[in-house]
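>
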Amino acid sequence: MPKWLGSYWVTAGVAILALLLPLLPTGSSYFSYMLNLTIIYCIAALGLNLLIGIAGQISLGHAAFMAIGAYSSSLLITKLHVPFLVALPAAAICSGAIGFLMGLPATRLHGPYLALATISFGTALPEMLSRWESVTGGHAGIIVPKPQIGPLILRSDLSLYYLNLVILVFLMWFAANLLRSRYGRSWQSLRESETAAQSMGVNLSLAKTSAFALSAVYAGIAGSLYAHLVGFISPVDFNAFMSSQLLAMIVVGGLASIGGSITGAAALTLLLALLSRSRGWSLIVEGVLVIVTVWFLPGGLVSIGRSLLQWRARGRSRGGHGPAGPASAVRKEVSRHGIARS
Amino acid sequence: MALLEVSQLSVRFGGLFALSDVSFAVPAGAIMGLIGPNGAGKTTAFNCVTRIYAPDSGSIRFDGHDLLRYRPHEIIGLGIARTFQNLELCKRLKSIDNVMLGAHTQIKNSLFSVGLGLPRAHASEREARKRAEEALELMGVSDISEELTGGLPYGTLKMVELARALVARPRLLLLDEPAAGLNTAEREGLSRVIRRLRDQSGITVLMVEHDMQMVMSLCEQIVVLDFGKKVAEGSPDQVKNDPAVIEAYLGEAEPVAVET
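Chains as they are written, first to last, in my numbering: chain A, 404 to 745; chain B, 35 to 294.
#1: Is the Cβ of LEU145 of chain B closer than 7 Å to any Cβ of chain A?
#2: Is there a Cβ from chain B that is less than 7 Å from the Cβ of VAL713 of chain A?
#3: On the premise that THR183 of chain B lies in contact with ASN15 of chain B, defined as a C-beta separation below 8 Å, what is that separation, rounded to the nearest angstrom?
#4: Any beta carbon from chain A within less than 7 Å of PRO106 of chain B's own beta carbon?
#5: If you draw a straight line from the C-alpha of GLY262 of chain B to the C-alpha of ALA278 of chain B, how long is it?
#6: Less than 8 Å between the CB atoms is what I'm expecting for MET652 of chain A and LEU671 of chain A, so what's the real figure, rounded?
#7: Taking ILE624 of chain A and ILE545 of chain A to be in contact with their CB atoms under 8 Å, please state how far apart those CB atoms are, rounded to whole angstroms.
#8: Would a check of beta-carbon distances place THR414 of chain A closer than 7 Å to chain C?
#9: Just how far apart, CA to CA, sit THR696 of chain A and HIS542 of chain A?
#10: So what does DSSP say about GLU254 of chain B, is it helix, strand or coil?
#11: Between ARG739 of chain A and chain B, is the shortest Cβ-Cβ distance under 7 Å, so that the two count as touching?
#12: Go ahead and label THR238 of chain B buried or exposed: buried means 16 or more other beta carbons lie within 10 angstroms of its beta carbon, across all protein chains shown.
#13: Alpha carbon to alpha carbon, how far is MET173 of chain B from GLU220 of chain B? Give it in angstroms, no decimals.
#14: Can you tell me the Cβ-Cβ gap for ALA659 of chain A and ILE471 of chain A, rounded? I've got them flagged as a contact below 8 Å.
#15: Reducing DSSP to helix, strand and coil, say where TYR436 of chain A ends up.
#16: Would you check if the distance between the CB atom of MET603 of chain A and the CB atom of HIS138 of chain B is smaller than 7 Å?
#17: Alpha carbons only, please: which of A:SER475, A:GLY657, A:HIS465, A:ALA668 is nearest the one belonging to ILE707 of chain A?
#18: Do you know whose CA, among B:ASP210, B:ARG95, B:LEU135, lies nearest VAL605 of chain A's CA?
#19: Go to SER476 of chain A, then tell me how far its alpha helix (DSSP H) extends in each direction, as first and last residue.
#20: Nearest-angstrom Cα distance between GLY525 of chain A and GLN648 of chain A?
#21: So, helix, strand or coil for GLU267 of chain B, using DSSP?
#22: Which residues in the same chain as LEU571 of chain A place their Cβ atom closer than 6 Å to its Cβ, once the five residues preceding and following it in sequence are excluded?
#23: Give me the Cα-Cα distance between MET24 of chain B and ASN275 of chain B, rounded to the nearest whole angstrom.
#24: In terms of alpha-carbon separation, which member of A:LEU440, A:GLY683, A:PRO529 lies closest to ASN642 of chain A?
#25: Taking only beta carbons into account, state which residues of the segment 35-60 of chain B come closer than 9 Å to chain A, listed in chain order.
#26: Quick one, which of B:VAL40, B:GLY75, B:ILE65 has its alpha-carbon nearest ALA59 of chain B's?
#27: Is it right to say HIS724 of chain A is buried, meaning 16 or more other beta carbons lie within 10 angstroms of its own, or is it exposed?
#28: If you reduce the DSSP assignment to three classes, tell me which class ASP233 of chain B lands in.
#29: Please confirm whether PHE577 of chain A has its beta-carbon closer than 7 Å to some beta-carbon of chain B.
#30: Which residue wins for smallest C-alpha separation from GLY67 of chain B, given the options B:ILE86, B:THR117, B:ARG230, B:LEU208?
#31: Taking Cβ to Cβ, would you say GLU167 of chain B is nearer than 7 Å to THR117 of chain B?
#32: Looking only at C-alpha atoms, which of A:ALA630, A:SER681, A:TRP412 sits nearest to VAL547 of chain A?
#33: Going along the segment 678-698 of chain A in order, which residues come within less than 8 Å of chain B, judged by CB to CB distance?
#34: Applying the criterion that 16 or more other CB atoms from any shown protein chain within 10 Å of the CB defines a buried residue, is ALA88 of chain B buried or exposed?
#35: Just to confirm, is the Cβ distance from ALA614 of chain A to TRP590 of chain A under 7 Å?
#36: Quick one: which unbroken alpha helix (DSSP H) runs of 4-plus residues sit fully inside the segment 527-585 of chain A? Chain order, please.
Here it is as structure tokens:
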């Protein structure tokens with residue numbers, strides 16, 4: 404496929420860029436901190452895109468799953484002194500389990516009703532965390548140590564960056580594998596036609612809850628990494644603003660696309676950084692950006708790159724216009740010559 | 035022996051009987067037609083068999099199984115696959131992926147083995163892909179296997195849908211207006227394919243179709259519905275000359291020639 408050949412170079416370019424980016428001599432710790440934050444948002448956005456873009460289910464309170472990941476990982480490490488490499492997957496499992504439970508109402512609720520349920524969840528959870536002071540420390544939050552792998556403590560943002568990058572790449576690969584499989588197809592069939600999905604043997608409840616759970620696993624991992632990057636978490640970190648941020652990322656980047664999740668997360672984190680002095684403005688710009696994308700670029704930023712690649716591939720194989728136009732079949736909307744009731 | 039046995043099936047939508055007390059049996063190895071004017075309840079009957087609708091009363095048995103005990107997604111595993119009157123395809127998936135959805139229950143792999151890219155998980159997917167390609171080939175639309183179904187013509191999509199049903203390796207195939215939107219040559223091709231499926235693969239076929247020529251030439255047995263009631267049953271010749279059928283289609287005693 405020319406598309407693959409084209410994107411091969413793009414992939415290699417992005418990989419090299421990702422590896423070298425933190426080595427840029429900016430001399431600013433803010434820069435590498437933002438790079439780390441970008442990766443973490445990439446992971447959360449990727450998970451959300453699996454749920455919204457691929458499976459067509461809605462979650463408007465996704466930051467709550469990040470909170471679950473962040474808190475479970477932090478509490479395991481600070482209170483139970485569990486090593487980081489155990490706490491991270493444990494956080495993923497905790498968050499995934501709650502995600503599974505959150506998927507149960509999704510088997511009954513559609514569209515706006517599901518949106519409302521997830522908003523409520525996203526609003527209630529930080530509130531619960533702040534009330535449950537004996538465990539979570541309430542508004543005072545938790546101070547989280549830097550991750551330790553064996554004897555190695557990842558103190559610098561640079562070492563954290565490579566850890567986060569490895570995890571992101573693994574999770575992208577994991578998602579890509581799933582999307583090519585019967586799981587990816589069954590989630591997409593949920594989005595397109597539940598009737599078809601059922602008739603082809605897709606268990607709707609299982610498909611929906613598993614999409615929710617997987618998405619929450621991604622968010623939980625992102626939350627855990629966030630806690631270790633920032634070194635401090637409190638309930639307000641995971642409020643409705645962050646949930647809407649995640650949603651904006653996948654819409655701007657491109658729904659139902661792994662590349663779109665990454666692009667969107669990077670673009671919006673950059674935007675956030677540029678407008679960090681004036682938080683009010685960043686919200687406005689973000690809102691406008693979402694509207695403009697939905698209006699003029701429904702495929703998101705990533706669709707620009709895609710059409711560029713296609714355009715190049717077409718230029719290369721001029722003459723052989725790719726697959727022949729729609730097969731011989733004649734388009735006829737209605738041709739029921741059956742005998743009509745007169 | 036009857037493979038599918040529908041007895042005294044009634045479905046009510048509010049005060050309207052979509053089906054009332056309908057019984058018929060599809061013998062194993064038959065090609066059977068389910069016909070009737072628009073709104074007669076044909077698709078409703080299909081939807082009951084595939085458990086998309088729950089009937090108010092009656093029973094449906096398939097090869098000794100009481101279908102009403104199964105959930106919609108379990109039906110295909112029993113060996114019943116269907117197509118839809120108004121195409122139920124995933125527009126943003128390629129044709130080949132749509133067809134592979136039909137093999138959903140036959141691909142055995144766990145979410146983790148797939149996500150981690152284990153070879154065994156891939157092997158199962160590859161095998162399904164091969165069969166999906168063969169099914170598209172059989173339906174004569176293998177040239178569009180890599181295209182999104184969103185932009186394809188109606189007639190082609192009908193074939194993709196049929197290929198998807200075949201990939202499930204059904205014993206009973208429910209076809210809801212398979213020839214709608216096809217031209218004459220394509221209808222003949224479709225008739226040949228359906229007959230071959232029965233003759234070579236032993237697939238029993240129950241089809242709803244408005245193209246009388248196709249129904250009369252292809253089906254050995256026909257059930258006629260009108261306003262949710264069965265008005266006739268029998269061979270094409272019997273049905274064609276049945277006064278109740280003529281009345282259902284043409285109104286009472288109007289000497290209009292049946293389209294052929």
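We treat Cβ as the ideally placed atom computed from N, Cα and C, and that holds for glycine.
Short version:
#1: For the purposes of this step, residue 145 of chain B is identified with residue 111 of the second sequence, where counting begins at 1. Yes, contact with chain A.
#2: Your numbering for residue 713 of chain A matches position 310 in the first sequence. One point to set straight first is that residue 713 of chain A is Gln, not Val, in the sequence displayed. For GLN713 of chain A, the answer is no, since every Cβ of chain B falls outside 7 Å of its Cβ.
#3: Because chain B is modelled from 35 through 294, residue 15 of chain B falls outside the range shown and cannot be assessed.
#4: Residue 106 of chain B sits at position 72 when you count from the first residue of the second sequence. Interface residue, yes.
#5: Residue numbering aside, residue 262 of chain B sits at position 228 when the second sequence is read from its first letter. Residue numbering aside, residue 278 of chain B sits at position 244 when the second sequence is read from its first letter. C-alpha separation (whole angstroms): 14 Å.
#6: Counting from one through the first sequence, the residue named residue 652 of chain A turns up at place 249. Counting from one through the first sequence, the residue named residue 671 of chain A turns up at place 268. With 8 Å as the limit, MET652 of chain A and LEU671 of chain A qualify as a contact, their Cβ atoms being about 5 Å apart.
#7: Counted from its first residue, the first sequence places residue 624 of chain A at position 221. Counted from its first residue, the first sequence places residue 545 of chain A at position 142. That belief does not hold up - the Cβ atoms of ILE624 of chain A and ILE545 of chain A are roughly 18 Å apart, past 8 Å.
#8: Chain labels in this structure do not include chain C; the protein chains are A and B.
#9: As a position in the first sequence, residue 696 of chain A is number 293, starting the count at 1. As a position in the first sequence, residue 542 of chain A is number 139, starting the count at 1. Straight-line Cα distance between these residues: approximately 36 Å.
#10: As a working mapping, residue 254 of chain B is identified with position 220 in the second sequence. Three-state result, GLU254 of chain B: coil.
#11: Position 336 of the first sequence, counting from 1, holds the residue named residue 739 of chain A. Residue placement at ARG739 of chain A cannot be trusted, given a pLDDT of 29 that sits under 50; the coordinates are not used to answer.
#12: The count along the second sequence starts at 1 and reaches residue 238 of chain B at position 204. So THR238 of chain B counts as buried.
#13: The residue labelled residue 220 of chain B in the question sits at position 186 within the second sequence. The residue labelled residue 173 of chain B in the question sits at position 139 within the second sequence. Their Cα atoms are separated by approximately 10 Å.
#14: Here the question's residue 659 of chain A lines up with position 256 in the first sequence. Here the question's residue 471 of chain A lines up with position 68 in the first sequence. That belief does not hold up - the Cβ atoms of ALA659 of chain A and ILE471 of chain A are roughly 25 Å apart, past 8 Å.
#15: As a first step, residue 436 of chain A is located in the first sequence; it is residue number 33 there, counting from the start. DSSP places TYR436 of chain A in helix when its eight states are reduced to three.
#16: By one-based count along the first sequence, residue 603 of chain A stands at place 200. By one-based count along the second sequence, residue 138 of chain B stands at place 104. With contacts defined as CB atoms closer than 7 Å, MET603 of chain A and HIS138 of chain B qualify as a contacting pair.
#17: Along the first sequence, one-based indexing puts residue 707 of chain A at 304. Here the closest residue by C-alpha is A:GLY657.
#18: Here the question's residue 605 of chain A lines up with position 202 in the first sequence. That would be B:LEU135, whose Cα lies nearest to the Cα of VAL605 of chain A.
#19: Counting from 1 along the first sequence, the entry for residue 476 of chain A is found at position 73. Secondary structure note for SER476 of chain A: its alpha helix (DSSP H) is the uninterrupted segment 466-483.
#20: Here residue 525 of chain A refers to the residue found at position 122 of the first sequence. Here residue 648 of chain A refers to the residue found at position 245 of the first sequence. In a straight line, the C-alpha of GLY525 of chain A is about 13 Å away from that of GLN648 of chain A.
#21: Counting from 1 along the second sequence, the entry for residue 267 of chain B is found at position 233. GLU267 of chain B: strand per DSSP, three-state reduction.
#22: For the purposes of this step, residue 571 of chain A is identified with residue 168 of the first sequence, where counting begins at 1. So the list reads ILE442, CYS445, ILE446, once near-sequence residues are dropped.
#23: Any question about residue 24 of chain B goes unanswered here, given that chain B covers just 35 to 294.
#24: Translated into positions along the first sequence, residue 642 of chain A becomes position 239. Ranking A:LEU440, A:GLY683, A:PRO529 by Cα distance to ASN642 of chain A puts A:PRO529 first.
#25: none
#26: On the second sequence, residue 59 of chain B is found 25 positions in, with the first residue counted as 1. If we check each option's Cα against that of ALA59 of chain B, B:VAL40 comes out closest.
#27: Against the first sequence, residue 724 of chain A aligns to sequence position 321. Because HIS724 of chain A sits at a pLDDT of 40, beneath the cut-off of 50, its placement in the model cannot be relied upon, and the following sentence gives the value as read from the coordinates. Looking at its Cβ environment, which holds fewer than 16 other Cβ atoms inside 10 Å, HIS724 of chain A is exposed.
#28: Along the second sequence, one-based indexing puts residue 233 of chain B at 199. ASP233 of chain B: helix per DSSP, three-state reduction.
#29: Reading the first sequence from its first residue, position 174 is the one you call residue 577 of chain A. At least one chain B Cβ lies under 7 Å of PHE577 of chain A.
#30: In the second sequence, the residue the question calls residue 67 of chain B occupies position 33. Of the listed residues, the one whose Cα sits closest to GLY67 of chain B is B:LEU208.
#31: Stepping through the second sequence from its first residue, residue 167 of chain B is reached at position 133. Stepping through the second sequence from its first residue, residue 117 of chain B is reached at position 83. Not a contact, by the Cβ cut-off of 7 Å.
#32: In the first sequence, counting from the first residue as 1, residue 547 of chain A sits at position 144. Answer by Cα proximity: A:ALA630.
#33: none
#34: For the purposes of this step, residue 88 of chain B is identified with residue 54 of the second sequence, where counting begins at 1. ALA88 of chain B is exposed by the Cβ-count criterion.
#35: As a working note, residue 614 of chain A is residue 211 in the first sequence. As a working note, residue 590 of chain A is residue 187 in the first sequence. Yes; because the gap between Cβ atoms is below 7 Å, this pair is in contact.
#36: 536-539, 560-582
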